[in-house]
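> All you need for the working numbering is the position in the sequence shown, starting with 1, plus 7.
Beta carbons: idealized from backbone N, C-alpha and C, even for Gly.
Only a predicted model underlies this, so the values are computations on that prediction, with no experimental measurement involved.
Handing you a structure now.
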Amino acid sequence: MAKRDYYEVLGVQRGADEAEIKKAYRRIAMKHHPDRNQGDNKSEEKFKEANEAYEVLSNPQKRSAYDQFGHAGVDGQAGAGGFGGGGASFSDIFGDVFGDIFGGAGGGGRARGGPQRGSDLRYNLEIDLEDAVHGATVKIRIPTLESCEECKGSGARRGSNPVSCTTCGGAGQIRMQQGFFSVQQTCPNCRGKGKMVKDPCTGCHGRGRVEKQKTLSVKVPSGVDTGDRIRLSGEGEGGPEGGPNGDLYVQIAVRAHPLFERDGKNLYTEVPITFADAALGGEMEVPTLEGRVKLRVPPETQTGKLFRLRGKGVKPVRGGAVGDLMCRVTVETPVNLGKHQKELLAEFQTSLGDTSHKHSPRKTSWFEGVKNFFEEMKF
């Protein structure tokens with residue numbers, strides 16, 4: 008099935024800036040996060056699709072390639088699961104083609120042979136809201152390729168060295184005559200490296216790199232949010248032929264919390280209160296990420312009323328004032344009432360008499376609206 012346009016996936020215009028792309032990704036990631044939609048395969052697919060789109064559009068180089076060549080420009084670089092980001096870019100592929108045809112002149116092909124930088128890796132890290140707000144150190148385990156210690160990445164047995172390819176003379180390319188044209192192609196013997204390993208290393212079997220599981224400690228700074236990335240320099244794959252390591256990018260996703268919802272630096276929570284507390288006012292304890300605090304509810308409080316607890320939100324990861332905790336009140340209707348309790352409520356209702364409109368302004372306003380509606384419609 009054809010892939011959807013990445014801008015369409017995130018619901019942004021092609022000229023959207025980095026902040027707009029990040030905001031759109033966070034919105035979709037929060038909506039379709041697997042923790043909130045357990046067993047919903049469609050939401051899981053949308054979550055993965057948004058991850059893939061964000062990985063490309065949040066990277067200036069990948070976005071540029073995508074804008075010019077579409078999905079073909081980033082195939083092999085996006086949607087690589089928990090680990091990825093390696094592979095040849097679109098310019099590498101076209102550089103090889105034009106380099107082969109025109110002998111590398113102006114083709115932009117890759118350098119043949121010699122140490123090369125290792126591929127970058129990506130790791131998707133899910134953390135709790137508490138860790139996102141306060142910061143944490145998390146241990147992760149990743150599969151990677153590391154330079155072989157025994158041969159130092161050369162692929163040759165200790166004490167020996169790779170030798171120059173006899174087919175291409177160490178150039179990594181051969182020239183062939185095809186009609187009127189002289190065509191330069193990658194050497195089939197050394198595969199463009201210009202060198203051959205005659206006595207392979209026993210540790211890596213001549214490959215120069217070995218597969219390993221690496222354990223790392225990731226310091227998650229306080230204030231991070233879904234969509235943020237942490238770069239661990241030099242913790243990516245080891246480079247071919249002893250080249251420098253790539254980097255590891257840890258992609259943050261914050262799990263849904265049972266009590267709090269986050270919107271930027273502010274937190275939201277629902278606070279259920281009794282009918283009596285709503286009518287008469289009262290004081291109650293509410294949870295925060297720093298512990299319990301007292302909330303004073305004034306008399307005649309209605310459902311949906313928001314109370315702000317300043318400084319009880321999130322301190323932004325890039326600095327700035329701490330956000331607030333917004334407490335949304337929900338008035339609960341009493342249930343499982345006894346006979347005497349029902350009688351008291353009935354007595355209370357009767358006591359209101361013709362003055363009930365004074366005690367229920369929202370209800371009175373609603374009835375007035377209904378009355379005006381029917382009068383205007385002339386039913």
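Of the residues Arg43, Lys219, Gly230, which one's Cα is nearest the Cα of Gly330?
Checking every option, the nearest Cα to that of Gly330 belongs to Gly230.
> Are the CB atoms of Arg129 and Val261 nearer to each other than 9 Å?
Not a contact, by the Cβ cut-off of 9 Å.
> Identify the residues that DSSP records as bridge partners of Gln220: which are they?
DSSP, once it has assigned bridges, lists Pro150 as partnering Gln220.
> Secondary structure at Gly113, three-state DSSP: helix, strand or coil?
Its pLDDT being 37, under 50, Gly113 is placed unreliably by the model, and nothing is read from it.
> Relative to the C-alpha of Glu133, which candidate in Glu297, Val304, Pro306, Ala36 has its C-alpha closest?
When only C-alpha atoms are compared, the closest one is Ala36.
> Whose CA, out of Lys38, Glu59, Thr281, Asn58, lies closest to the CA of Ser50?
Ranking the options by Cα distance to Ser50, first place goes to Lys38.
> Rank Gly22, Glu27, Arg34, Ala283 by C-alpha distance to the C-alpha of Tyr73 and give the top, closest one.
It is Gly22 whose Cα lies nearest to the Cα of Tyr73.
> Excluding five sequence neighbours on each side, which residues of the same chain lie with their C-beta closer than 6 Å to the C-beta of Arg335?
Excluding residues within five positions, the ones whose Cβ falls inside 6 Å are Glu277, Leu313.
> Shortest alpha-carbon distance to Leu152 belongs to which of Asp235, Thr144, Thr193, Glu218?
When each option's Cα is compared against that of Leu152, the closest is Glu218.
> How close, in whole Å, do the beta carbons of Gly288 and Pro306 come, if the pair is a contact with beta carbons under 8 Å?
With 8 Å as the limit, Gly288 and Pro306 qualify as a contact, their Cβ atoms being about 4 Å apart.
> Look at the alpha carbon of Glu297 and the alpha carbon of Ala57, and state the distance between them as a whole number of angstroms.
Glu297 and Ala57: Cα-Cα distance of roughly 33 Å.
> Per DSSP, Gly280 forms a beta bridge with which residues?
The displayed chain sequence assigns Ile, not Gly, to residue 280. According to DSSP, which records beta bridges pairwise, Ile280 is partnered with Val338.
> Please name the residue in Gln180, Lys200, Cys197 whose C-alpha comes closest to that of Gln191.
Checked all of Gln180, Lys200, Cys197; the closest Cα to Gln191 is Gln180.
> Pro122 and Gly160: beta carbons closer than 9 Å?
Taking 9 Å as the Cβ cut-off, Pro122 and Gly160 qualify as a contacting pair.
> Using 9 Å as the threshold, is the C-beta distance between Glu339 and Thr281 below it?
In this structure, Thr281 lies closer than 9 Å to Glu339 by Cβ.
> With a threshold of 6 Å on Cβ separation, who are the neighbours of Val140 within its own chain once the five nearest residues in sequence on each side are excluded?
Excluding positions up to five away in sequence, the list reads Leu296, Val321.
> Determine, using beta carbons only, whether Phe267 and Leu136 come nearer to each other than 9 Å.
Cβ distance < 9 Å, so Phe267 and Leu136 count as in contact.
> Hey, out of Ile147, Glu244, Ser65, whose CA is closest to Cys155's CA?
Nearest option by C-alpha distance: Glu244.
> Near Pro251, which residues of its chain fall below 6 Å by C-beta distance, leaving aside the five closest residues on each side in sequence?
Counting only Cβ-Cβ distances below 6 Å, and skipping sequence neighbours, we find Arg124.
> Can the beta-carbon of Gly215 be found closer than 9 Å to that of Gly253?
No, they are not a contact pair.
> Our contact map puts Thr233 next to Cys197 with C-beta atoms below 8 Å; I'd like the distance itself, whole angstroms only.
With 8 Å as the limit, Thr233 and Cys197 do not qualify as a contact, their Cβ atoms being about 46 Å apart.
> Which one of Pro207, Leu255, Gly199 has the shortest CA to CA distance from Thr222?
The residue with the shortest Cα to Cα distance from Thr222 is Leu255.
> Tell me whether the beta-carbon of Pro207 lies closer than 9 Å to the beta-carbon of Gly213.
For Pro207 and Gly213, yes; Cβs fall inside 9 Å.
> Span of the alpha helix (DSSP H) holding Leu352?
Counting along the chain, the alpha helix (DSSP H) containing Leu352 begins and ends at 346-359.
> Rank Asp42, Asn168, Glu15 by C-alpha distance to the C-alpha of Tyr61 and give the top, closest one.
Nearest of Asp42, Asn168, Glu15 to Tyr61, Cα basis: Glu15.
> Is Arg299 closer than 9 Å to Glu292 when the C-beta atoms are compared?
Cβ atoms of Glu292 and Arg299: closer than 9 Å.
> Is the CB-CB distance between Ser167 and Lys205 below 9 Å?
Yes, these two residues count as a Cβ contact at 9 Å.
> Looking at Ser65 and Arg236, is the spacing between their C-beta atoms short of 9 Å?
For Arg236 and Ser65, yes; Cβs fall inside 9 Å.
> Within its chain, find whatever has a CB closer than 6 Å to the CB of Lys272; leave out the 5 residues flanking it on each side and keep chain order.
Taken in chain order, the residues that qualify are Gly320, Val321, Pro323, Gly330.
> What's the gap between the Cα of Cys172 and the Cα of Cys194?
Using only the alpha carbons, I get a separation of about 9 Å.
> Suppose the cutoff is 7 Å on Cβ atoms and the five residues either side in sequence are ignored; what does the same chain contact list for Val170 look like?
Only Lys202, Met203, Lys205 meet the Cβ criterion.
> By alpha-carbon positions, which one of Arg182, Pro265, Gln220, Lys10 ends up nearest to Ala79?
With distances taken between Cα atoms, Ala79 lies closest to Lys10.
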